[in-house]
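The sequence shown begins at 61 in the numbering used here and counts up by one. For each residue, glycine too, the CB sits at the ideal point set by N, CA and C. This one's a predicted model, so the numbers in the text were calculated from it and none came from an experiment.
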Amino acid sequence: MEPKFVDKNVIEESYAAIGRMREMLGGARPRYFIETYGCQMNEHDSETLAGMLELIGYVRTDDRREADFILFNTCCIRDHAEKRTFGNVGFIKEIKAENPALITAVCGCMMQQREVAKRLAARFPFVDMIFGTNELAVFPQMLERVMNGGRVFEIKEIDGEIPEGLPIKRNEGFSTFVNIMYGCNNFCSYCIVPYVRGRERSRRPEDIVEEVKKAVNEEGFTEVTLLGQNVNSYDGGIKFPELLRLVNEVEGLKRLRFMTSHPKDLSHELVMAMAECDKVCEHIHLPVQSGSNRILKLMNRRYTREHYLDLIRDLREHVPGVEITTDIIVGFPTETEEDLEDTLSLVHEVGFSAAYSFAYSVREGTVAARMEGQIPEEVKKERLARLNRVIMESANGANDKYMGAEGEILIEGMDKRGEPMMFGKLPSLKMVYVKGDESMIGKYYKVRVTGTRFNSLAGEIIS
Ligand code: SAH
Ligand code: SF4
Ligand code: F3S
Numbered sequence: 061m062e063p064k065f066v067d068k069n070v071i072e073e074s075y076a077a078i079g080r081m082r083e084m085l086g087g088a089r090p091r092y093f094i095e096t097y098g099c100q101m102n103e104h105d106s107e108t109l110a111g112m113l114e115l116i117g118y119v120r121t122d123d124r125r126e127a128d129f130i131l132f133n134t135c136c137i138r139d140h141a142e143k144r145t146f147g148n149v150g151f152i153k154e155i156k157a158e159n160p161a162l163i164t165a166v167c168g169c170m171m172q173q174r175e176v177a178k179r180l181a182a183r184f185p186f187v188d189m190i191f192g193t194n195e196l197a198v199f200p201q202m203l204e205r206v207m208n209g210g211r212v213f214e215i216k217e218i219d220g221e222i223p224e225g226l227p228i229k230r231n232e233g234f235s236t237f238v239n240i241m242y243g244c245n246n247f248c249s250y251c252i253v254p255y256v257r258g259r260e261r262s263r264r265p266e267d268i269v270e271e272v273k274k275a276v277n278e279e280g281f282t283e284v285t286l287l288g289q290n291v292n293s294y295d296g297g298i299k300f301p302e303l304l305r306l307v308n309e310v311e312g313l314k315r316l317r318f319m320t321s322h323p324k325d326l327s328h329e330l331v332m333a334m335a336e337c338d339k340v341c342e343h344i345h346l347p348v349q350s351g352s353n354r355i356l357k358l359m360n361r362r363y364t365r366e367h368y369l370d371l372i373r374d375l376r377e378h379v380p381g382v383e384i385t386t387d388i389i390v391g392f393p394t395e396t397e398e399d400l401e402d403t404l405s406l407v408h409e410v411g412f413s414a415a416y417s418f419a420y421s422v423r424e425g426t427v428a429a430r431m432e433g434q435i436p437e438e439v440k441k442e443r444l445a446r447l448n449r450v451i452m453e454s455a456n457g458a459n460d461k462y463m464g465a466e467g468e469i470l471i472e473g474m475d476k477r478g479e480p481m482m483f484g485k486l487p488s489l490k491m492v493y494v495k496g497d498e499s500m501i502g503k504y505y506k507v508r509v510t511g512t513r514f515n516s517l518a519g520e521i522i523s
């Protein structure tokens, strides 16, 4: 299916609104504060919203108390997210009392659930703007309405349009994200994302390459992560392995990563593209969710434990040194001790270098929420603790093979606890600590691993 793009006129009108607000501010530099919850999708949306705010004339602040515009970009993947958001928005009331001109906004996945958004609007009348995940391109128009005394409540049904041509204010650092697609079609039975992010739609390869070039050449980033809920089903006229090869050619780019990969769509072509592209890092995030075939089926994941293990073999055979990270859910409806054992044994068998573990959280409107055999909270907690112990053992055991190995790290910062040490990641995502000083930040160094630390490595610089 051809993707639809946000109408050019809408984007032009947004830029016009930005110009009008800029004039309205008359050179004033109000401050904005954005708090983002959830995944990189939301992070990236926040970067786009920040880009528009900065064009209007706003400058960023990290202190919400001195802000003139406060935005919460929300997530609803698990239920405690909702409670936390309501708490944090409630806190703004005091700040608003001190600064009546303050504009407050709440957006993101949680607002895409209309009932929750209505509840939030009713409970917090001081919130000026509420909008969903599909209103990024019209944000300037909405903000202008608020500046002119209005209140905004805009949550479109997701129509699957792609916004191109909006400004982006990237978070600082050396590594950045580029969206290659939006939405998700997989409807894993536990997951809310397809309902709040809509159907899968892929950006054009040329738009993606342009954005990567700009991030590298104009903004100085050397590491790019291509982003989508399931990058393996990218279809922008070309498939994901071809896209990877295309982006790999961008001059000045040093490292290329991607996430998330769905095991059901991970092809041998992609494994080969990873193997052959020099900039693609030896790491893959491949969420397994469960080691039990019965649970995988109920989750609607559409692969088996055996298939997953085959993929791991293929990856390890062709991409030497590849590190595998994953996501795992325990306490899915009807999960038995035996199912859990299957998950724990899979963790041992694969030897993940990191695994994000979650207790199943009931999401209204999803298939799993209506399943019989919901697991009591205490049991979920206890299973999560057991899983975490196994993950820890498996991750620490996997460090020994690095002893004496050589590789390149990108220095990210200084750890000032104890003796100050610089730290940076190998392409595999393993963190290495080395001696040095802050002038090294953002640069690449070749290192040799001399020891293992808790969950990371120690090394010395070779060149
Ligand atoms: N698109 C990605 C990840 C999306 S959400 C993928 O398919 O892998 C990130 C992780 O949150 C998921 O991998 C899953 O492990 C977890 N998750 C999603 N819904 C959940 C729920 N209802 N309860 C607990 N964990 C959940
Ligand atoms: Fe959710 Fe599954 Fe889509 Fe990932 S692939 S976002 S877990 S529905
Ligand atoms: Fe949360 Fe939305 Fe991401 S629900 S995990 S922010 S896509």
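Go ahead and pull the three-state DSSP assignment for S454.
Locating residue 454 in the sequence shown gives position 394, counting from the first residue. S454 falls in the helix class under three-state DSSP.
Span separating the alpha-carbon of L303 from that of L400
As a first step, residue 303 is located in the sequence shown; it is residue number 243 there, counting from the start. As a first step, residue 400 is located in the sequence shown; it is residue number 340 there, counting from the start. Rounded to whole angstroms, L303 to L400 spans 37 Å at the Cα level.
CB-CB under 7 Å to V379, same chain, minus the five flanking residues each way: which ones, in chain order?
Residue numbering aside, residue 379 sits at position 319 when the sequence shown is read from its first letter. Excluding sequence neighbours, V379 sits near V331, M334, A335, E342.
Suppose contacts are defined by Cβ-Cβ distances below 7 Å. Is V390 in contact with L447 by that definition?
The residue given as residue 390 occupies position 330 in the sequence shown. The residue given as residue 447 occupies position 387 in the sequence shown. Going by C-beta atoms, V390 is nearer than 7 Å to L447.
Comparing the CB of T285 with every heavy atom of the ligand SAH, is any distance shorter than 6 Å?
Mapped onto the sequence shown, residue 285 falls at position 225. Flag unset: Cβ of T285 not near the ligand SAH.
Where does H19 land, buried or exposed, given buried means 16+ other C-beta within 10 angstroms?
Examination of residue 19 is not possible in this model, given that the chain is present from 61 through 523 alone.
Quick one: complete beta strand (DSSP E) runs, 3+ long, within the segment 403-489?
414-419, 466-475, 481-485
Could you tell me whether the Cβ atoms of S249 and V427 are closer together than 7 Å?
As a first step, residue 249 is located in the sequence shown; it is residue number 189 there, counting from the start. As a first step, residue 427 is located in the sequence shown; it is residue number 367 there, counting from the start. Closer than 7 Å, so yes.
Can you name the residues that DSSP bridges to A165?
In the sequence shown, residue 165 corresponds to position 105, counting from 1. Per DSSP, L131, M189.
Compute the Euclidean distance between the alpha carbons of E73 and M491, then round it to the nearest angstrom.
One-based indexing of the sequence shown puts residue 73 at position 13. One-based indexing of the sequence shown puts residue 491 at position 431. If you take the alpha carbons of E73 and M491, they lie about 45 Å apart.
Following a CB-centred definition, is Q289 positioned closer than 6 Å to any heavy atom of the ligand SF4?
On the sequence shown, position 229 is the one that residue 289 refers to. Flag set: Cβ of Q289 near the ligand SF4.
Alpha-carbon to alpha-carbon, I471 and G312
Along the sequence shown, read from residue 1 onward, the residue named residue 312 stands at position 252. Along the sequence shown, read from residue 1 onward, the residue named residue 471 stands at position 411. So the two alpha carbons sit approximately 17 Å from each other.
Measuring CA to CA, which of A127, P63, I137 is closest to R423?
Counted from its first residue, the sequence shown places residue 423 at position 363. Comparing Cα-Cα distances from R423 to each of A127, P63, I137, the minimum goes to I137.
Near I78, what residues of its chain come up, given a Cβ to Cβ distance below 6 Å and the 5 sequence neighbours on each side ignored?
To locate residue 78, count along the sequence shown from 1; it is residue 18. If we look at I78 and ignore the five residues flanking it on each side, its Cβ neighbours are L115, I116, P200.
With distances taken Cα to Cα, identify the nearest neighbour of N245 among V507, V291, K229.
Residue 245 sits at position 185 when you count from the first residue of the sequence shown. Ranking the options by Cα distance to N245, first place goes to V291.
Can you find the residues in the same chain that come closer than 6 Å, C-beta to C-beta, to P301, ignoring five residues on each side of it along the sequence?
On the sequence shown, position 241 is the one that residue 301 refers to. Cβ neighbours of P301 beyond the five flanking positions: E329, L330, A333.
Distance, Cα to Cα, R124 vs N360?
Your numbering for residue 124 matches position 64 in the sequence shown. Your numbering for residue 360 matches position 300 in the sequence shown. Taking the straight line from one Cα to the other gives about 42 Å.
Regarding V253 and the ligand SF4, is the C-beta to nearest heavy atom distance less than 6 Å?
Within the sequence shown, the letter at position 193 stands for residue 253. Yes.
Beta strand (DSSP E) segment containing H322, residue limits
As a working note, residue 322 is residue 262 in the sequence shown. That residue, H322, is in no beta strand (DSSP E); it is neither H nor E in DSSP.
Which residue comes first and which comes last in the beta strand (DSSP E) that contains T108?
Indexing the sequence shown from 1 puts residue 108 at position 48. Looking at the DSSP string, T108 is not in any beta strand (DSSP E); the run it does join, the alpha helix (DSSP H), is 100-116.
Where the beta strand (DSSP E) through N239 begins and ends:
Here the question's residue 239 lines up with position 179 in the sequence shown. Element bounds for N239: 235-239.
So what's T145 in DSSP terms, helix, strand or just coil?
Residue numbering aside, residue 145 sits at position 85 when the sequence shown is read from its first letter. The answer is helix: DSSP assigns T145 an H, G or I state.
Let me see if you follow: with CB-CB separation under 7 Å, is H104 close to chain D or not?
Among the chains in the structure shown there is no chain D, since it carries only a single protein chain.
Keeping to the same chain, check which residues put their C-beta closer than 6 Å to that of G111; ignore five residues upstream and five downstream.
As a working note, residue 111 is residue 51 in the sequence shown. Closer than 6 Å at the Cβ level, and outside the excluded window around G111, lie P227, I228, K229.
May I ask whether a heavy atom of the ligand SAH can be found less than 6 Å away from the beta carbon of R138?
Along the sequence shown, one-based indexing puts residue 138 at 78. True, at least one ligand heavy atom lies under 6 Å from that Cβ.
Given E409, which residues of its chain have a CB within under 8 Å of its CB, disregarding the five upstream and five downstream residues?
In the sequence shown, counting from the first residue as 1, residue 409 sits at position 349. Contacts found: L369.
Using the Cα positions of K143 and F132, report the straight-line distance between them to the nearest angstrom.
What you label residue 143 is simply residue 83 of the sequence shown in a count that begins at 1. What you label residue 132 is simply residue 72 of the sequence shown in a count that begins at 1. C-alpha separation (whole angstroms): 13 Å.
Does the ligand SAH have a heavy atom nearer than 6 Å to the CB of T320?
Taking the sequence shown and counting its residues from 1, one reaches residue 320 at position 260. Yes, Cβ of T320 sits closer than 6 Å to a heavy atom of the ligand SAH.
Quick one: does the C-beta of F418 sit closer than 6 Å to a heavy atom of the ligand SAH?
Reading the sequence shown from its first residue, position 358 is the one you call residue 418. Because some heavy atom of the ligand SAH lies under 6 Å away, the Cβ of F418 counts as near it: yes.
Best match in V348, V310, R354 for proximity to L326 [C-alpha to C-alpha]:
By one-based count along the sequence shown, residue 326 stands at place 266. Minimum Cα distance to L326 is reached at V348.
N246 Cβ short of 6 Å to the ligand SF4 heavy atom set
Residue numbering aside, residue 246 sits at position 186 when the sequence shown is read from its first letter. Flag set: Cβ of N246 near the ligand SF4.
Between T164 and the rest of its own chain, which residues show a CB-CB distance below 6 Å, the 5 nearest in sequence each way excluded?
Numbered from its first residue, the sequence shown carries residue 164 at position 104. Around T164: I130, I152, V187, D188.
Keeping to the same chain, check which residues put their C-beta closer than 7 Å to that of K273; ignore five residues upstream and five downstream.
Taking the sequence shown and counting its residues from 1, the one referred to as residue 273 is at position 213. Hits under 7 Å: V310.
First through last residue of the alpha helix (DSSP H) which encompasses E383:
The residue given as residue 383 occupies position 323 in the sequence shown. First-last for E383: 383-390, but that is the beta strand (DSSP E), not the alpha helix (DSSP H).
Does the distance between the C-beta of M241 and the nearest non-hydrogen atom of the ligand F3S fall short of 6 Å?
One-based indexing of the sequence shown puts residue 241 at position 181. No; taking the cut-off as 6 Å, the Cβ of M241 has no heavy atom of the ligand F3S nearer than that.
Go through its chain and collect everything with a Cβ distance to T364's Cβ below 8 Å, but skip five positions before and after it.
The count along the sequence shown starts at 1 and reaches residue 364 at position 304. Excluding sequence neighbours, T364 sits near N353, L356.
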